[in-house]
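Engineer: FYI, in the working numbering the residues of the sequence shown are 4 to 395.
For every residue, glycine included, the Cβ atom is placed at its ideal position computed from N, Cα and C.
All of these numbers come straight from a predicted model, not from anything done at the bench.
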Amino acid sequence: MKAVTWCGTQKVSVDNVPDPTILNDRDAIIKVTSTCICGSDLHLYDGFIPTMQKGDILGHEFMGEVVEVGEGVPGDKLKPGDRVIIPFTIACGNCFFCKRQLWSCCDNSNPNAWLAEKLMGYSPSGLFGYSHMTGGYAGGQAEYVRVPFADVGAFKVPADLSDDKVVFLTDIYPTGYMAAENCNIQPGDTIAVWGCGPVGQFTIKSCFLLGAERVIAIDAVPERLEMAARSGAITINMADEYIYDRLRELTGGIGPDACIDAVGMEAHGMTLDAAYDRFATATFMETERPHVLRQAINCCRKGGTVSIPGVYGGIADKIPMGAMMNKSLTIRTGQTHVHRYVPKLLERIQKGDIDPSFVITHKLPLSQAPHAYKLFQKKQDKCIKVVLKPGM
Ligand SMILES: NC(=O)c1ccc[n+]([C@@H]2O[C@H](COP(=O)([O-])OP(=O)(O)OC[C@H]3O[C@@H](n4cnc5c(N)ncnc54)[C@H](O)[C@@H]3O)[C@@H](O)[C@H]2O)c1
Ligand SMILES: [Zn+2]
Ligand SMILES: [Zn+2]
């Protein structure tokens with residue numbers, strides 16, 4: 004089959020690789036009909052995530068048709084022919100963490116847990132196509148993919164909803180929703196969202212769905228700010244305005260009730276601390292650029308919440324602990340517990356509360372993945388979200 008493989012920093016290619024096969028009783032094989040490129044894939048593409056190997060198959064946002072199931076998958080749960088979306092987090096459904104709905108913390112799905120334990124103390128769940136530290140699983144930017152624990156890790160979707168409407172249930176729609184839910188939004192709240200990439204866009208929509216009065220969206224890419232404005236957000240172009248002052252002015256001098264970092268480890272900035280991050284990452288003094296996280300902590304009102312859907316991978320430097328502690332901030336974060344959200348967010352799509360396809364700007368054949376990664380990474384051709392089609 005054809006699959007998109009990682010070949011080194013800013014190099015991906017489309018290669019012929021062996022078809023996946025059933026390895027365990029609870030596996031299923033999916034024929035992929037739609038698969039997307041995520042901001043998290045850019046961290047791999049840009050070489051920020053350790054333990055990638057040449058030839059690793061990328062992709063964690065994918066859906067398709069079940070073609071084969073293992074003996075441990077009950078027929079009433081899943082069978083060949085079913086059309087399904089697959090959460091990017093791999094979870095067993097039975098462990099201490101899965102039972103508590105902390106699906107991205109599953110204790111049974113990362114065969115390389117020891118690697119993650121060295122860095123983090125305990126290992127998060129396995130993830131599709133996301134380095135050997137999170138399991139070394141082949142990803143879904145491919146014609147076929149093996150899905151472990153498919154009896155709990157595949158969700159059937161109704162035939163009348165197109166791929167474009169449901170494919171983002173695999174990651175970015177639940178991610179935006181969890182980021183907003185983590186802010187415990189109260190009537191009248193103002194929420195500031197850094198980053199108007201696909202995750203930021205779903206975060207903005209979700210803040211409104213959960214009752215925020217105002218959402219303030221921050222980025223420097225005009226078409227992304229325009230999309231945020233179409234969802235009802237007030238926008239701040241960080242290239243033109245001083246963010247702290249503008250947020251203060253918009254909130255009667257007290258700061259936003261919650262600040263959301265939907266940028267993560269590759270933040271850009273023009274300030275001194277952003278310049279420090281460029282130097283510190285180049286010299287391995289830190290593994291990421293937490294400029295937005297610092298700004299979110301500083302801009303948040305006292306007693307407010309900082310929610311972090313943006314991905315961090317290792318060690319960040321110069322985090323303003325003094326501000327966090329003395330302002331009584333609540334910090335919420337995590338890889339998304341996707342399984343927890345799929346049923347209720349699917350219901351929102353069916354009710355017409357949201358049409359997730361609004362974020363798609365490019366639909367390309369899988370064979371054009373190298374071009375698609377470049378478009379998305381460089382934000383060329385007003386690219387916001389790419390869907391790759393193996394059958395195109
Ligand atoms: N928690 C999870 O489970 C989860 C799931 C999916 C994605 N993510 C993460 O969410 C983040 C966003 O993903 P995406 O797909 O939207 O990526 P993206 O790269 O398309 O978007 C990031 C946006 O941030 C903007 N940005 C950069 N520096 C900024 C700054 N200083 N201030 C404001 N905006 C700035 C960029 O212009 C860009 O529009 C990534 O870190 C990704 O890994 C997390
Ligand atoms: Zn993703
Ligand atoms: Zn589990």
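(1) Apart from the five residues just before and just after proline 323, which ones in its own chain have a Cβ nearer than 8 Å to its Cβ?
(2) In terms of residue numbering, what span does the alpha helix (DSSP H) encompassing phenylalanine 91 cover?
(3) Using alpha carbons as the reference points, say which of Ile60, Phe65 and Ile32 lies closest to threonine 38.
(4) Kindly identify the DSSP beta-bridge partner or partners of methionine 66.
(5) Give me whichever residues DSSP pairs with phenylalanine 99 in a beta bridge.
(6) Looking at the strands, I want to know which residues DSSP matches up with asparagine 19.
(7) Does ligand 1 have a heavy atom nearer than 7 Å to the CB of proline 225?
(8) Quick test of your reading: lysine 392 and lysine 366, contact by CB under 8 Å. State the CB separation rounded to the nearest angstrom.
(9) Whose C-alpha, out of Met268, His342 and Gly355, is nearest the C-alpha of proline 312?
(10) In whole angstroms, what separates the C-alpha of valine 155 from that of leucine 253?
(11) Would you list the residues sitting across from glutamate 71 in a DSSP beta bridge?
(12) Between valine 15 and tyrosine 376, which are expected to be in contact by the criterion C-beta below 8 Å, what is the C-beta distance as a whole number of angstroms?
(13) Taking 7 Å as the cut-off, is the CB of phenylalanine 100 close to at least one heavy atom of ligand 4?
(14) Which first and last residues belong to the beta strand (DSSP E) in which histidine 342 is found?
(15) What runs of the alpha helix (DSSP H), each 4 residues or longer, lie entirely inside the segment 305-345?
(16) Where does valine 160 sit, in a helix, a strand or coil, going by DSSP?
(17) Mapping the DSSP letters down to three states, classify aspartate 222 as helix, strand or coil.
(18) Bridge partners for threonine 193 per DSSP, in chain order?
(19) Please state the DSSP three-state secondary structure of histidine 46.
(20) Note down the Cα distance separating alanine 261 from arginine 351, rounded to an integer number of angstroms.
(21) Candidates Met241, Glu226 and Leu61: which alpha carbon is nearest proline 373's?
(22) Could you give the first and the last residue of the continuous beta strand (DSSP E) run that contains leucine 378?
Structural biologist: In this structure, then:
(1) Arg297, Ile300 and Asn301
(2) Premise fails: phenylalanine 91 is in no alpha helix (DSSP H) and is neither H nor E.
(3) Phe65
(4) Ser37 and Ile88
(5) Answer by DSSP bridge pairing: none, since phenylalanine 99 is not bridged.
(6) Lys5
(7) no
(8) 6 Å
(9) Met268
(10) 44 Å
(11) Ile32
(12) 5 Å
(13) Absence of ligand 4 is noted for the structure shown, with ligand 1, ligand 2 and ligand 3 being the only ligands found.
(14) No beta strand (DSSP E) holds histidine 342; the alpha helix (DSSP H) holding it covers 341-354.
(15) 324-329
(16) coil
(17) strand
(18) Arg217
(19) helix
(20) 24 Å
(21) Leu61
(22) Where leucine 378 is concerned, there is no enclosing beta strand (DSSP E), although the alpha helix (DSSP H) it sits in stretches over 372-381.
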